[in-house]
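Sequential numbering from 2 applies to the sequence shown in my numbering.
No residue lacks a Cβ here, since even glycine has one placed at the ideal position from N, Cα and C.
Worksheet: one structure, shown below.
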Amino acid sequence: MAEAAALPPLVTRLTAEFGYPLLAQEDAGLPALKGGDWLIFLPGHGQAHAETLDVAVILPELVTVFGGRVKAAVAGPELEKVLRRQLDGIALPALVAVRGHELLGSVSRVRDWHDYIATIRALFDVKRATTAGTAAIQ
Numbered sequence: 002m003a004e005a006a007a008l009p010p011l012v013t014r015l016t017a018e019f020g021y022p023l024l025a026q027e028d029a030g031l032p033a034l035k036g037g038d039w040l041i042f043l044p045g046h047g048q049a050h051a052e053t054l055d056v057a058v059i060l061p062e063l064v065t066v067f068g069g070r071v072k073a074a075v076a077g078p079e080l081e082k083v084l085r086r087q088l089d090g091i092a093l094p095a096l097v098a099v100r101g102h103e104l105l106g107s108v109s110r111v112r113d114w115h116d117y118i119a120t121i122r123a124l125f126d127v128k129r130a131t132t133a134g135t136a137a138i139q
């Protein structure tokens with residue numbers, strides 16, 4: 002697990018109060034996640050993103066909406082770099098959809114609530130047989 006280095010209180014709350022794991026680069030194989038569907042929050046370590054706090058508040062609500070089908074974690078700074086590289090430098094903050102060790106896609110920045118729901122549902126509803134274009138986390 003990663004060190005919580007200078008994260009805003011609302012992001013720290015995700016790990017402290019909600020118990021979301023804080024993942025380090027060595028977790029890139031994601032054994033800490035133990036399979037399943039996950040949203041990994043990339044808060045933008047070391048950068049002041051105005052929307053980071055908004056996404057930190059939205060994430061637990063998304064987990065609730067998906068009724069336990071989707072779990073959440075927070076990427077540490079090194080894992081955030083790895084994931085951004087693999088997802089072609091996505092804008093931050095972002096939520097990265099992961100199933101097992103497969104990157105399914107991401108949702109960057111703050112979105113309309115219905116857009117979040119539709120996009121995340123679509124990412125996780127993809128059948129394994131049609132995920133040939135997805136990448137494994139390396």
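| said: Please give me, in chain order, every unbroken run of the alpha helix (DSSP H) with length at least 4 that falls completely inside the stretch 26–80. | reply: 53–66, all fully within the stretch 26–80.
| Beta carbon proximity, A92 to chain D, threshold 9 Å | In the structure shown, chain D cannot be found, because there is only a single protein chain.
| Is it right to say L124 is buried, meaning 16 or more other beta carbons lie within 10 angstroms of its own, or is it exposed? | Within a 10 Å sphere around the beta-carbon of L124 sit 16 or more other beta-carbons, which makes this residue buried.
| task | Less than 8 Å between the CB atoms is what I'm expecting for A119 and V108, so what's the real figure, rounded? | result | The C-beta distance from A119 to V108 rounds to 10 Å, too long to meet the 8 Å contact threshold.
| request: State the CB to CB distance for the pair W39 and V83, rounded to an integer number of angstroms; the pair is presumed to be in contact (CB under 8 Å). | output: Contact between W39 and V83 does not hold, since their C-beta atoms are separated by about 15 Å, which reaches or exceeds 8 Å.
| request: Report the rounded CA-to-CA distance for R110 versus F67, giving the unit in angstroms. | output: Distance between the alpha carbons of R110 and F67 is about 20 Å.
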